[in-house]
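Student:
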Amino acid sequence: MPPSLSHVRDLVTAYLAEHPDEHPALSGLLNSLDADGDPTHRSTLPGHITCSAVVIDRARRVLHVRHNASGLLLPPGGHVETSDASLLAAALRELEEETGLPASALVLTSRFGDRPIDIGVHDIDARPSKAEPAHQHYDVCFVFRLTDDASSPALAPQTEEVSEAVWLSSGEVHSPALRAKLARSGRDGTIVPVNAGAVAGRRPFLPMEASTRDLLAQHAAEHAVPAADLTAGPETGAHAAAPPGTVPHIVGVHLYLEHDGRILLGRRHPDSAYAGGSWHALAGHCERESATACLVREAYEEAGLVIDREDLELVHTVHLVDRPGEGSRERPGERPGERPGGRPGGRPPRIQLFFRAGRWEGTPELREPDKCCAWQWWSPGDLPEAIVPYTRAAIEGVQAGRPYTEWGWAR
């Protein structure tokens, strides 16, 4: 089956939300989405969708092929086939057919993921030999990076359609619009280590096997592990094994969930002891478990999201110590600057780990309404004013490609 109309419409809608000034140029494509025909079929006129793969190597060069039909050096691409389950899959198929470069040699970029970097409009001359009138191509371009072990891949151009495959500087990209977007994209930032082949022919977020869901449900119902007692005295609980002179740090895990360029945040209940009424990432404290196991559990318990540990990638770390009076409320009987248990110095320092989920199953649900009263997707460039400060810092760090932030420590 070819890509569904809803898939194409969602992708184009998300693209135009980021590039509203391109509505006039893409009016023909928008009209075709409202018609009865298939906008991805090459017989659909006066225009139809094609797909291209913009591949960037470690030297920041862009892969181009010289198309026999036009004689131009362009990123690999072509028409959508009925076997392509998505537009991204079509771009990957065309890339491999025209250059021999497989999807397994590629990773998606953190800036765009499985969303297009550009949708170009190209006028195509009539081809009487194929009974094709003049028409337009709406070329949906996806951007990829080479994996570290594929820095100099062997290319095998498909001579029936292309005459050569070469690497050009980004300044030599034929399309001015694509060239400008590459220059603005921060394309040499953080890479999402997701094999692009994992999404070829399938939807971006793949369903987990039933066994994974069953295991999560069983764990939540029967095998909750009690947290270590951080308020215990120095001879018990979490402090028993701490070497003299050290201060135990709490490990917190956070879900950096991104879809269509937006980040999932939850609004903490107004009565919450910490950051009541503020927006925050889905988060929790590690019990006697690994950080990824904790986040998988928290995502299921708090929002009904099913995530596999293998699909989590650490994208930012915040080493946090609370400033006096920030983030939390004093509890009855607590003096300012005193942490639970009567020990001075505020709450224990924390190591806050932010993990990106490459795929997941489910739609965020309010499963713990006493803790979280709303889930909402936010643009990284337009975050809510009432947001936990270190969460904002972490999101900004991920967007900038920085792996680490220190928050609250005296300098």
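Just so we're on the same page, this note's numbering is the position in the sequence shown counted from 1, plus 664. Ideal Cβ positions, reconstructed from N, Cα and C, are used throughout, including at glycine.
1) Who are G916's beta bridge partners in DSSP?
2) Where do the N-terminal and C-terminal ends of the alpha helix (DSSP H) with A1038 fall, by residue?
3) Suppose the cutoff is 8 Å on Cβ atoms and the five residues either side in sequence are ignored; what does the same chain contact list for L697 look like?
4) Looking at T773 and L727, is the spacing between their C-beta atoms short of 8 Å?
5) Mind checking A699: buried by the 16 CB within 10 Å criterion, or exposed?
6) Could you tell me whether the segment 774-792 touches the segment 822-838, where touching means 3 or more Cβ pairs closer than 8 Å?
7) Is the segment 935-944 close to the segment 978-988, with three or more CB pairs under 8 Å?
8) Under a three-way DSSP split, which group does L959 fall into?
9) Ignoring anything shorter than 3 residues, give me the beta strand (DSSP E) runs that lie fully in the segment 764-792, in order along the chain.
10) Here's the rule: buried if 16 or more other CB atoms are within 10 angstroms of the residue's CB, otherwise exposed. What is G613?
11) Helix, strand or coil for A681? Go by DSSP, reduced to three states.
12) For Y802, does the count of other Cβ atoms within 10 angstroms reach 16, so buried, or fall short, so exposed?
13) With a threshold of 8 Å on Cβ separation, who are the neighbours of T981 within its own chain once the five nearest residues in sequence on each side are excluded?
14) By Cβ distance, which residues of its chain are closer than 8 Å to S833, with the 5 residues on each side in sequence left out?
15) Which same chain residues, not among the five before or five after R706, have their C-beta less than 7 Å away from its C-beta?
16) Taking the beta strand (DSSP E) that R809 falls in, what are its first and last residues?
17) Can you tell me where the beta strand (DSSP E) holding Y1068 begins and where it ends?
18) Does the segment 953-963 touch the segment 1058-1066, meaning 3 or more C-beta pairs lie closer than 8 Å?
19) Using three-state DSSP, classify G741 as helix, strand or coil.
20) What does DSSP give as the partner residues of I713 in its beta bridges?
21) Which class does H1116 belong to by DSSP, given the choice of helix, strand or coil?
22) Could you check how far apart the C-beta atoms of D975 and G1026 are, in whole angstroms? I think they sit under 8 Å.
23) Measure how close the beta-carbons of S942 and A1050 come, nearest whole angstrom, since I'm counting them as under 8 Å.
24) Please report the residue range of the alpha helix (DSSP H) in which T981 lies.
Tutor: Put simply:
1) H949 and Q1016
2) Bounds of any alpha helix (DSSP H) do not take in A1038; it lies within the beta strand (DSSP E) bounded by C1036 to W1042.
3) Counting only Cβ-Cβ distances below 8 Å, and skipping sequence neighbours, we find L669, V672, R673, V676 and P703.
4) no
5) exposed
6) In the pairwise beta carbon analysis, the segment 774-792 is classified as not touching the segment 822-838: fewer than three pairs are separated by under 8 Å.
7) no
8) helix
9) 770-773 and 782-788
10) Only positions 665 to 1075 of the chain appear in this structure, which leaves residue 613 out of reach.
11) helix
12) buried
13) I1015, Q1016, L1017, F1018, P1067, Y1068 and T1069
14) R724, R725 and V726
15) Non-local beta-carbon contacts of R706 in its own chain, meaning distances under 7 Å to residues more than five positions away in sequence, involve H712 and H743 in chain order.
16) Counted as a single uninterrupted DSSP element, the beta strand (DSSP E) harbouring R809 occupies residues H799 to L810.
17) From DSSP, the beta strand (DSSP E) with Y1068 extends over Y1068 to W1071.
18) Touching, no.
19) strand
20) Y802
21) The first residue shown for the chain is 665 and the last is 1075, placing residue 1116 beyond what the model contains.
22) With 8 Å as the limit, D975 and G1026 do not qualify as a contact, their Cβ atoms being about 13 Å apart.
23) 5 Å
24) T981 -> not in any alpha helix (DSSP H); beta strand (DSSP E) instead, spanning L976 to L984.
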